[in-house]
Amino acid sequence: MINIQSVCLGYTNTPILHDINLQIKKGEFVGIIGLSGAGKSTLLMSLIGNIRILKGDYHVSGYNLNSISKKELSDLRASIGFIFQGYNLVNRLSVLHNVMSGMLKNIPLGRSLIKLYSTEELNKAHEYMQVVNIEHLAMRRCDELSGGQRQRVAIARALAQNPNIILADEPVAALDPKSAAQVMDVLRKVNESYGVTVITNLHHLDFARYYCNRILGVASGTISFDGTPHELLSRNLDSIYENEPSSLESSKNNITNIMSHVHDNNSNNNEMRNAA
Ligand SMILES: Nc1ncnc2c1ncn2[C@@H]1O[C@H](COP(=O)(O)OP(=O)(O)O)[C@@H](O)[C@H]1O
Ligand SMILES: [Mg+2]
2 MINIQSVCLG YTNTPILHDI NLQIKKGEFV GIIGLSGAGK STLLMSLIGN
52 IRILKGDYHV SGYNLNSISK KELSDLRASI GFIFQGYNLV NRLSVLHNVM
102 SGMLKNIPLG RSLIKLYSTE ELNKAHEYMQ VVNIEHLAMR RCDELSGGQR
152 QRVAIARALA QNPNIILADE PVAALDPKSA AQVMDVLRKV NESYGVTVIT
202 NLHHLDFARY YCNRILGVAS GTISFDGTPH ELLSRNLDSI YENEPSSLES
252 SKNNITNIMS HVHDNNSNNN EMRNAA
């Protein structure tokens, strides 16, 4: 699905990332970790053709990014869901309408403007809202929602694109730990239920370890670690985080606590009650 060989990437002719070799298969759940400024977002943005390829071969979903046409790039982008830290929703519109906008490419413009959707499209939207646990909020305006709920709307909208890949740039960085874990749970569900490849930058090492099957560490302008969470040893972390102790302050107890709260069956019911 993704095949990157000996690639250098940059915003100008100066490389930000060099010697990138990366193969990602369909259905993987990949976490990218590293210090701020290491190049995590640059790597993620390069997958949608937003970064200059200075050297090497770059293939995504069968497209050669070295020589991609405008039309192909637009098709590639339509097949990739992108989730930002800032949600990027239309706040004055309902949750349902935002989710439907993920299908816009497939819905004729005239029809989408008057919000007239087919039963099949509505059923799909409800299915996606159910997957991310926001179905009970369908008619709420997005600006009435919490950060975690908004991020789940963004995931449902990405799902409505029927994507092969979902890219998420620090999707939980702005959330409290419990909401963050709920969003990560939803990303895992999307990955497992729909076989969508998920690639996400994560500020919190704990989340990367807990949720991802594979971790990429970006440091010194390249991918310095590529392996499973089990293979990620403290010496790897020392080089990824360049011995910055504060970055390594990651408490196993914390994550265990968070997970036990989140996976408490009551949490959804509480949210439903609050919304009612
Ligand atoms: N639009 C841009 N133009 C030029 N340089 C940029 C741009 N965005 C980021 N950079 C530079 O690229 C490097 C990697 O940044 P980034 O990928 O955002 O890191 P991270 O996501 O790991 O924090 C940094 O040195 C940053 O200053
Ligand atoms: Mg970033």
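Per the numbering used here, residue 2 is the first one in the sequence shown, and the count goes up by one each step. For glycine and all other residues, C-beta sits at the position ideal for the given N, C-alpha and C. In this text, all values refer to a predicted model and were calculated from it rather than measured experimentally.
Which of helix, strand or coil does DSSP assign to ASN254? In this prediction, ASN254 scores a pLDDT of 44, lower than 50, which makes its location untrustworthy; the coordinate-derived value is nonetheless stated afterwards. Of the three classes helix, strand and coil, the one that applies to ASN254 here is helix, per DSSP.
Using only Cβ atoms and a threshold of 5 Å, which residues come within that distance of a heavy atom of ligand 1? Order them by chain position. TYR12, ILE17, SER37, GLY38, ALA39, GLY40, LYS41, SER42, THR43
Backbone secondary structure at ALA169 - three-state DSSP: Strand at ALA169.
One or two residues paired with VAL8 in a DSSP bridge: ILE21
Contact belief for LEU36 with GLU243 at Cβ below 8 Å, rounded distance in angstroms: Confirmed, about 6 Å.
Assign TYR12 to buried or exposed, taking buried as 16 or more other Cβ atoms, counted over all protein chains shown, within 10 Å of its Cβ. The residue in question, TYR12, is exposed, as its Cβ has fewer than 16 Cβ neighbours within 10 Å.
Leaving out five residues before and five after ARG158 in sequence, what residues of the same chain have Cβ atoms less than 7 Å from its Cβ? Once the five neighbours on either side are set aside, the close Cβ partners of ARG158 are ASN99, VAL100, SER102, GLY103.
Looking at the unbroken alpha helix (DSSP H) that takes in LYS190, where does it start and where does it end? 178-195
Taking DSSP as the reference, what is the three-state secondary structure of TYR88? coil
Of all the options GLY148, ARG189, ILE167, which has the alpha carbon lying nearest to the alpha carbon of VAL173? GLY148
Taking the C-alpha atoms as reference points, what is the distance between LEU18 and ASP207? 25 Å
For SER240, is the classification buried or exposed, using 16 other Cβ atoms within 10 angstroms of its Cβ as the cut-off for buried? exposed
SER42 and LEU10 - do their beta-carbons sit closer together than 7 Å? no
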